[in-house]
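Using the numbering used here, read the sequence shown as starting at 1035 and increasing by one per residue. Note that beta-carbon positions come from the ideal geometry of N, C-alpha and C, so glycine has one too. Given the structure is predicted, the values throughout are model-derived calculations rather than measurements.
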Amino acid sequence: NRQENYTQLLPILLPLDSTAASAEAEALTSAIKKASMVVERHQNSKWLDQAYYLIGKARLMKEDYANALETFKYINTTATDPDARHAALIGLMRTYIEQKAFPTALRVAELLREAPLNKDNTLAFYLTKAYLHQQRREFALALAIVEQALPLLSNNEQKARLIYTTAQLYEVTGQTSKAIKAYTLSRKNRASFELRFYASLNEAILKGERSALEKMLKDPKNAEVKDKIYSALADLALQNGNKNQGLALLKNATASSKDPRQLATTYLHLADMYYQQLGQYEQAYAYYDSCLTVLS
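Following this line, the structure appears as structure tokens:
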């Protein structure tokens, strides 16, 4: 149910969300309770390591970091299954990342770097380490690791999202041609409508294809997202030095906007233009005020 903001750099892993976790607190508590029954009653069970791992994972999702760390460390020390130990170390990495203990997370990553990981753990390790570097704003490193992870994923919505994130990282690191190719590829991997729309939008912006954006504007399927297309057209106009056309298109974006986040972004863009470029301070004040009004 996560609402992505495709105008911002997407996180490689879905962030832990305290609001979402609180809505599922009963289910997470139940998972811990049931997995604990294996631990308490069946010490010789072949599922013991997996039960401990589920407890650690549920504690992590509940943002009970101290107990999650304790559980993952215990599995790494006692588990008989090497795959379970590796999964626990990846869980340990993720917990340290959520606590912003990045140097400690990197030390755990070093323990895993030469380990003989199975396919699932290899994918989880790549994505977790890429997420770590993304959080540290080491975008080139994050990108290199994601590129290794992509071949391990089947064509599905998760892969489409990750390719889209890769395209954004190519943009951030100044690799425009690769970004364009990645946006095209993300649309072809069973992407959701929203992701396909933003991939097409960003591709047109990077190519400077005004005609493609105007075609999107006329498409009835895009009636709900016209504000985003107007905003993209405004950016192209401003890049070409046409301030008046850019301002008019931004105002079209505000008039058609149904998304508070996009509306706030457009108001801010207008305010900055009136303040920094045109010196019309009363107009700038009004748009800054409007931006504050619609922000959550």
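Open item on the list: Buried or exposed, going by whether 16 or more other CB atoms sit within 10 Å of the CB of Gln1168?
Closed with: Stepping through the sequence shown from its first residue, residue 1168 is reached at position 134. By the neighbour-count criterion, in which 16 or more other beta carbons inside 10 Å mark a residue as buried, Gln1168 falls on the buried side.
- [ ] If I'm right that Thr1162 touches Arg1128 with Cβ under 8 Å, what's the distance once you round it to whole angstroms?
- [x] Numbered from 1 along the sequence shown, position 128 holds the residue referred to as residue 1162. Numbered from 1 along the sequence shown, position 94 holds the residue referred to as residue 1128. Sure, about 5 Å apart at Cβ, within 8 Å.
- [ ] Drop a sphere of 10 angstroms on the beta-carbon of Ser1056, count the other beta-carbons inside from all chains shown, and report buried for 16 or more, exposed for fewer.
- [x] Position 22 of the sequence shown, counted from the first residue, corresponds to residue 1056. By the 10 Å Cβ count, Ser1056 comes out exposed.
Open item on the list: Rounding to the nearest angstrom, what Cα-Cα distance links Glu1316 and Val1328 in this structure?
Closed with: Here residue 1316 refers to the residue found at position 282 of the sequence shown. Here residue 1328 refers to the residue found at position 294 of the sequence shown. When only Cα atoms are considered, Glu1316 and Val1328 end up about 19 Å apart.
Task: Exposed unless 16 or more other CB atoms sit within 10 angstroms - verdict on Gly1275 - done: Locating residue 1275 in the sequence shown gives position 241, where the first residue counts as 1. The Cβ neighbour count for Gly1275, taken over all protein chains shown within 10 Å, is under 16; the residue is labelled exposed.
Task: Residue environment, Glu1237, which counts as buried when at least 16 other CB atoms sit within 10 Å - done: Here residue 1237 refers to the residue found at position 203 of the sequence shown. With at least 16 other beta carbons inside 10 angstroms of its own, Glu1237 counts as buried.
Open item on the list: List, from N- to C-terminal side, the alpha helix (DSSP H) runs of 4 residues or more that fit wholly inside the stretch 1160–1232.
Closed with: Complete alpha helix (DSSP H) runs here, min 4: 1173–1183, 1191–1206, 1210–1221.
- [ ] Using beta-carbon positions only, say whether Ala1054 and Asp1083 come within less than 8 Å of one another.
- [x] What you label residue 1054 is simply residue 20 of the sequence shown in a count that begins at 1. What you label residue 1083 is simply residue 49 of the sequence shown in a count that begins at 1. Asp1083 sits away from Ala1054, with the two beta carbons spaced by 8 Å or more.
Task: Exposure label - Ala1225; buried when at least 16 CB within 10 Å - done: As a first step, residue 1225 must be located in the sequence shown, where it is residue number 191. Buried, because 16 or more other Cβ atoms sit within 10 Å of the Cβ of Ala1225.
TODO: Name the residue from Asp1098, Leu1186, Leu1283, Asp1115 whose alpha carbon lies nearest to the alpha carbon of Ser1079.
DONE: On the sequence shown, position 45 is the one that residue 1079 refers to. Of the listed residues, the one whose Cα sits closest to Ser1079 is Asp1115.
Task: Three-state secondary structure (DSSP) of Asn1278 - done: Working through the sequence shown from its first residue, we reach residue 1278 at position 244. In the three-state scheme derived from DSSP, where H, G and I count as helix and E and B as strand, Asn1278 is classed as helix.
Open item on the list: Does the stretch 1174–1186 come into contact with the stretch 1140–1147, if we say contact requires no fewer than three beta-carbon pairs (one atom in each stretch) closer than 8 Å?
Closed with: The stretch 1174–1186, when compared against the stretch 1140–1147, does not touch it at the 8 Å Cβ threshold.
- [ ] Give me the Cα-Cα distance between Thr1210 and Ala1289, rounded to the nearest whole angstrom.
- [x] Here residue 1210 is taken as the residue at index 176 of the sequence shown, counted from 1. Here residue 1289 is taken as the residue at index 255 of the sequence shown, counted from 1. Their backbone Cα atoms lie some 31 Å apart in a straight line.
Task: Among Glu1228, Ala1061, Tyr1086, nearest to Ser1070 - alpha-carbon criterion - done: Position 36 of the sequence shown, counted from the start, is the residue given in the question as residue 1070. The candidate whose alpha carbon is nearest that of Ser1070 is Tyr1086.
Open item on the list: Please report the straight-line C-alpha distance between Gln1296 and Asp1117, rounded to a whole angstrom.
Closed with: Mapped onto the sequence shown, residue 1296 falls at position 262. Mapped onto the sequence shown, residue 1117 falls at position 83. Approximately 44 Å between the Cα atoms of the pair.
Task: Option in Asn1035, Thr1041, Gln1037, Arg1036 with minimal Cα separation from Thr1199 - done: Numbered from 1 along the sequence shown, position 165 holds the residue referred to as residue 1199. By alpha-carbon distance to Thr1199, the top candidate from Asn1035, Thr1041, Gln1037, Arg1036 is Thr1041.
Open item on the list: Quick check: what's the CA-CA separation for Asp1323 versus Tyr1301?
Closed with: On the sequence shown, residue 1323 is found 289 positions in, with the first residue counted as 1. On the sequence shown, residue 1301 is found 267 positions in, with the first residue counted as 1. Computed Cα separation, rounded: 9 Å.
- [ ] Answer yes or no: do Arg1119 and Ile1131 have a C-beta to C-beta separation smaller than 8 Å?
- [x] The residue you call residue 1119 lines up with position 85 of the sequence shown. The residue you call residue 1131 lines up with position 97 of the sequence shown. No, the pair does not count as a contact, with Cβ atoms beyond the cut-off.
- [ ] Just confirm the distance between the C-beta atoms of Leu1240 and Arg1195, as a whole number of angstroms; I'd bet it's less than 8 Å.
- [x] The residue given as residue 1240 occupies position 206 in the sequence shown. The residue given as residue 1195 occupies position 161 in the sequence shown. That belief does not hold up - the Cβ atoms of Leu1240 and Arg1195 are roughly 19 Å apart, past 8 Å.
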